[in-house]
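Asks: As you go down the protein sequences, you meet chains Z and R in turn. Okay, so the first sequence: first residue is -7 according to the working numbering, each after it adds one. Okay, so the second sequence: first residue is 17 according to the working numbering, each after it adds one. In this text, a Cβ means the ideal position worked out from N, Cα and C, and glycines have one as well. Encoded as structure tokens, here's the structure I'll be asking about.
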Amino acid sequence: MTSRTRSSRATAFGAGARDMTPLAGALAPLGFVIGATAAGTAMHPLVALATAPLIFGASAQLVTIRMLDSGAPPVLIVATVALVGARLMLYGAVMAPHWQGASRRWKLVASAFLVEPTVALGAARAERTADEADHRRYYLGAAIALWFAWLAATAAGLLLGARASAIVPDDPLRVLAFVALAVPAARASASGRRAALAAAGAALLFAGLPFGTGMLVAATVGVAAGLWHDGGAT
Amino acid sequence: MSALFVVVSCAAVTFALRASVVVALGERPVPATLRRASGYILPATMSALAAGALVPAGGSAPDLRLVIVALAGTIAAVRSRSVAWTFLAGLGAYGVLAVTGV
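What follows is the structure in structure tokens.
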């Protein structure tokens, strides 16, 4: 391997990490709140921290922590996480055409980091360059930078969560974390807004259902409302 | 069943969702209905969770203070598109409510 090749690899990897830094900074409060939320539950701190590197997704982590804390059955928790994470398949569909030349092992490793910011940066880089090795290294640089930042933010929330809770109770933080995730997703289209409003209304209506099943029903109502509105609009 | 097992199971599910299309279906198109539906799953689920979190444990009606916090956060999120401003606005509203004794 020549020094120029090594330099090129390091440059692409570093560029990915560098481009991810502002995004990771913007998402850090969310990771902190997830950690603080977990600190307010009966979960073991290390188990709560493990959600960050293993699940690596704000919505799925929040669902897992909240449902574990409410005593929901494990099957229901996993099913809800599958529902929440279904969109991850689409991220795979976005990146798959760009990774066709990669080995199966590389694809498996890279897949573990598929979230909104890594897909956004990785797909944009892939469309700018024909050098597949370059944009794959760029993707990994961005992904690993976000992974470490997310882990650090969650750990900080866990460590400082008890002190934060003394100033601000968990309830408003938890509500705001869901709002911070819901609004950007809902504002993408009129049907998305319809889905969000229908789901919120249904969640209030079915709040009394046991084991968090009301949330699952509400989410289903919301998706149906979005599809119905989408079908009517097209 | 331990919490760690549940977390690992959830991690396995999310990894399977991420990797399945890349490894197995990478060259085939995603079914149109699934593609459309998946666009609504995140807003619907997060809104449902946010609305559900407005109702105190064991209660049947939303907590007015949390509703105001959520509204402040939503307005800030819509206007600023910033996670940080969402939290600042919501927590600011919560602080005002706490100081005024509402």
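1) Rounded to the nearest angstrom, what separates residue 76 of chain Z and residue 181 of chain Z at their Cα positions?
2) I need the straight-line Cα distance from residue 10 of chain Z to residue 134 of chain Z, nearest angstrom please.
3) Using CA coordinates, which residue listed in R:86, R:24 and R:71 is at the minimum distance from residue 108 of chain R?
4) On the premise that residue 106 of chain R lies in contact with residue 173 of chain Z, defined as a C-beta separation below 8 Å, what is that separation, rounded to the nearest angstrom?
5) With 8 Å set as the bound, which would you pick, yes or no: does the beta-carbon of residue 74 of chain Z sit closer than that to a beta-carbon of chain R?
6) Do you know how far the Cα of residue 223 of chain Z is from the Cα of residue 185 of chain Z?
7) Would you check if the region 56 to 65 of chain R and the region 191 to 198 of chain Z touch, i.e. whether three or more CB-CB distances between them fall below 8 Å?
8) Helix, strand or coil for residue 107 of chain Z, going by three-state DSSP, please let me know.
9) Mind checking if residue 58 of chain R is an interface residue toward chain Z, Cβ cutoff 8 Å exclusive?
10) Once DSSP output is grouped into helix, strand and coil, what is the label at residue 5 of chain Z?
11) Are the C-beta of residue 176 of chain Z and some C-beta of chain R separated by less than 8 Å?
12) Listed in chain order, which residues of the region 24 to 41 of chain R have Cβ atoms closer than 8 Å to some Cβ of chain Z?
13) Count the other CB atoms within 10 Å of the CB of residue 51 of chain Z; is the residue buried (16 or more) or exposed (fewer)?
14) Short check: CB of residue 65 of chain R to CB of residue 82 of chain R, under 8 Å?
15) Could you give the DSSP three-state label for residue 18 of chain R: helix, strand or coil?
16) Rounded to whole angstroms, what's the CA-CA distance from residue 63 of chain Z to residue 35 of chain Z? Just pull it up for me.
Replies: A quick look at the data gives this:
1) Your numbering for residue 76 of chain Z matches position 84 in the first sequence. Your numbering for residue 181 of chain Z matches position 189 in the first sequence. Taking the straight line joining both Cα atoms gives about 19 Å.
2) The residue labelled residue 10 of chain Z in the question sits at position 18 within the first sequence. The residue labelled residue 134 of chain Z in the question sits at position 142 within the first sequence. Their backbone Cα atoms lie some 7 Å apart in a straight line.
3) The sequence position of residue 108 of chain R within the second sequence is 92, counting from 1. Of the listed residues, the one whose Cα sits closest to residue 108 of chain R is R:86.
4) To locate residue 173 of chain Z, count along the first sequence from 1; it is residue 181. To locate residue 106 of chain R, count along the second sequence from 1; it is residue 90. No, residue 173 of chain Z and residue 106 of chain R are not in contact; Cβ-Cβ is about 13 Å, not under 8 Å.
5) As a working mapping, residue 74 of chain Z is identified with position 82 in the first sequence. True, the Cβ-Cβ gap to chain R drops below 8 Å.
6) As a first step, residue 185 of chain Z is located in the first sequence; it is residue number 193 there, counting from the start. As a first step, residue 223 of chain Z is located in the first sequence; it is residue number 231 there, counting from the start. In a straight line, the C-alpha of residue 185 of chain Z is about 14 Å away from that of residue 223 of chain Z.
7) yes
8) Reading the first sequence from its first residue, position 115 is the one you call residue 107 of chain Z. The answer is coil: DSSP assigns residue 107 of chain Z none of H, G, I, E or B.
9) The sequence position of residue 58 of chain R within the second sequence is 42, counting from 1. Taking Cβ atoms only, chain Z reaches closer than 8 Å to residue 58 of chain R, which makes this a yes.
10) Walking along the first sequence from the start, residue 5 of chain Z turns up at place 13. Helix at residue 5 of chain Z.
11) Residue 176 of chain Z sits at position 184 when you count from the first residue of the first sequence. Output row for residue 176 of chain Z: interface = yes.
12) 24, 25, 26, 27, 29, 30, 31, 33, 34, 35, 36, 37, 38, 39 and 41
13) Stepping through the first sequence from its first residue, residue 51 of chain Z is reached at position 59. That one is buried.
14) Residue 65 of chain R sits at position 49 when you count from the first residue of the second sequence. Residue 82 of chain R sits at position 66 when you count from the first residue of the second sequence. No, they are not a contact pair.
15) Working through the second sequence from its first residue, we reach residue 18 of chain R at position 2. Residue 18 of chain R: coil per DSSP, three-state reduction.
16) In the first sequence, the residue the question calls residue 63 of chain Z occupies position 71. In the first sequence, the residue the question calls residue 35 of chain Z occupies position 43. C-alpha separation (whole angstroms): 11 Å.
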